[in-house]
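In the working numbering, the protein residues as written are 1149 to 1454.
Glycine included, every Cβ here is placed at the ideal spot set by N, Cα and C.
Let me begin by presenting the structure, written as structure tokens, before commenting on it.
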Amino acid sequence: MGLFARIPRRVTVVEVGPRDGLQNEPGVVPTADKVRFIELLSDAGFQVIEATSFVSPRAVPQLADAEEVLRSVRRRPQVRYPVLVPNLRGLERALRAGAKEIAVFTAATETFNLKNIKMTIDRSLEVIGEVVREGRAAGLWVRGYISVCFGCPYEGRVSPGKVREVVNRLLELGVDEVSVGDTIGVATPAQVEETVGLLLKEVPAERLALHFHDTRGTALVNVLTGLLMGISIFDSSAGGLGGCPFAPGASGNLATEDLLYMLNGMGTETGVDLDRVVAATDFILGVLKRPPASRYYQSCRGVSPR
Ligand code: COA
Ligand code: ZN
């Protein structure tokens, strides 16, 4: 049997550019451009597009227009548009704007969580418990994010046991899917194998997503490691936009184009049209007026690497 014979034949790519990608951009992107970006991504065939964030506008001014964005997007029936929600206040806002899917978030280390949302992990899980209870009662699908699962800018390397504990607690609270994040892009394949291997002893692969940033160039090999272990949900952002305002030195997400290029080449289906993702990236880079991090994008647009 070939080395790659057992990787999933079908993968869900969760496009996080409009949220994880834009939240770190210094210049405020006009609401209409955010809406257009999301609609271009919808045209590309994603099943899941994270649309915006109902956090405190003081914490993330870029996404202060969350209501307007979510209300304005022409939503396609086959696409899910989760929005980030930090607390009950965010849930109310999201529900009023018509959200059908939400994403709650915590971290694998105390220091990161305190900097990001001013809560200990325990406190954030209490808040998430309330949000999930009310969200599910309202019929919402819920994703849970865990930041800094492989390394933390404040606490260094993170143990797989800690990640397992937070994953289990989120699942006990009723989240449908957990996205395990390498927020600062430090993971390498052996570490991914160790952490994912531990998780898969207790959690079915269908409930786990992997979220890599490409800060040190290891995002794609980490995806490949996840694929070989049977993971079939991966987060990425068009053009490789992104970074976390609360994680010093974090660079962009794994670029969706680069992920799709690899998956396409390996015969794994995603339902997403790579050329249309490039078109969405063309659009948003024109708004942001900056060069792309995506290597595939650079190659097909003749842009020289940064
Ligand atoms: N939507 C809008 N405003 C909100 C809000 C929400 N979901 N939650 C809190 N606020 C407002 C409060 O009304 C208050 O406003 P005021 O200062 O004008 O009175 C202010 O934010 C602070 O509220 P408080 O409850 O004291 O929260 P906090 O200061 O402890 O911050 C969070 C906690 C979670 C709300 C905030 O840190 C946050 O939104 N963080 C998000 C960070 C993020 O998005 N990171 C990137 C994703 S990983
Ligand atoms: Zn991220």
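When the options are compared against residue i, the one with the closest alpha-carbon
i	options	result
Gly-1329	Thr-1416, Glu-1198, Ala-1256, Ile-1186	Ala-1256
Val-1435	Val-1183, Val-1162, Val-1159	Val-1183
Leu-1348	Arg-1312, Val-1323, Thr-1363	Arg-1312
Ala-1357	Ser-1295, Gly-1304, Gly-1413	Ser-1295
Gly-1299	Thr-1336, Glu-1417, Thr-1160, Val-1425	Thr-1336
Thr-1418	Val-1159, Arg-1154, Phe-1152, Val-1275	Val-1159
Pro-1234	Ser-1220, Asp-1213, Pro-1225, Glu-1274	Glu-1274
Arg-1271	Leu-1318, Val-1231, Gly-1283, Phe-1431	Leu-1318
Ala-1199	Pro-1178, Val-1221, Arg-1281, Arg-1157	Val-1221
Glu-1215	Ile-1197, Gly-1193, Leu-1243, Asp-1421	Leu-1243
Leu-1408	Gly-1400, Leu-1321, Asp-1421	Asp-1421
Glu-1320	Glu-1278, Ala-1192, Asp-1181	Glu-1278
Pro-1225	Arg-1206, Glu-1187, Ala-1245, Arg-1237	Glu-1187
Leu-1402	Thr-1416, Asp-1383, Gly-1415, Met-1410	Asp-1383
Gly-1169	Thr-1416, Phe-1360, Leu-1372, Val-1369	Phe-1360
Ser-1399	Thr-1331, Gly-1150, Gly-1415	Thr-1331
Ala-1106	Val-1203, Met-1410, Glu-1173, Asp-1181	A query on residue 1106 cannot be resolved here, the shown segment of the chain reaching from 1149 to 1454 and no further.
Asp-1423	Phe-1194, Asp-1181, Phe-1152	Phe-1194
Close-in-space but distant-in-sequence residues of the same chain around residue i (CB under 6 Å, 5 per side omitted)
i	result
Gly-1378	Ala-1353
Thr-1259	Tyr-1302, Glu-1303
Leu-1375	Ile-1155
Gly-1165	Ser-1385, Ala-1386, Leu-1389
Leu-1189	Glu-1163, Ile-1197, Ala-1428
Asp-1213	Thr-1179
Arg-1364	Gly-1333
Buried or exposed (CB count within 10 angstroms, at least 16 for buried), residue i
i	result
Arg-1167	buried
Ala-1285	exposed
Glu-1325	buried
Gly-1413	exposed
Arg-1291	buried
Lys-1266	exposed
Val-1161	buried
Lys-1437	exposed
Phe-1185	buried
Ala-1247	buried
Ser-1307	exposed
Asp-1362	buried
Leu-1288	buried
Ala-1338	exposed
Neighbourhood of residue i by C-beta, 7 Å cutoff - its chain only, sequence neighbours within 5 removed
i	result
Pro-1440	Gly-1387, Gly-1388, Thr-1429, Leu-1433, Gln-1446, Val-1451
Val-1426	Glu-1405, Tyr-1445, Cys-1448
Gly-1283	Leu-1239, Ile-1250, Val-1290
Thr-1254	Asn-1261, Ile-1269, Ser-1272, Leu-1273, Ile-1276, Ile-1294, Val-1314
Val-1344	Gly-1374, Met-1377, Ile-1379
Phe-1431	Arg-1184, Phe-1185, Leu-1188
Pro-1205	Ala-1212
Spatial neighbours of residue i in its chain, beta-carbon cut-off 8 Å, leaving aside the 5 residues before and after
i	result
Val-1176	Pro-1209, Gln-1210
Leu-1236	Val-1275, Glu-1278, Val-1279, Glu-1282
Leu-1262	Thr-1268
Leu-1218	Ala-1199, Thr-1200, Tyr-1229, Val-1231, Ala-1242, Ala-1245, Gly-1246, Ala-1247
Arg-1454	Note that Arg-1454 has pLDDT 49, beneath the 50 cutoff, so the model's placement of it is unreliable and the number below is only indicative. Only Pro-1439, Ala-1441 meet the Cβ criterion.
Thr-1416	Ile-1155, Pro-1156, Arg-1157, Arg-1158, Val-1159, Leu-1375
message = Please give the ranges of any beta strand (DSSP E) in the region 1204-1271, keeping only runs that are unbroken, at least 3 residues long and fully inside the region.
response = 1249-1255
inquiry  = Restricting to runs no shorter than 3 residues, where is the beta strand (DSSP E) found entirely within the region 1286-1311?
reply    = 1289-1295
query = Mind pulling the alpha helix (DSSP H) runs of 4 or more residues that sit fully within the region 1345-1407?
reply = 1367-1376
ask   = Whole beta strand (DSSP E) runs in the region 1151-1203 with 3 or more residues, listed along the chain?
value = 1160-1163
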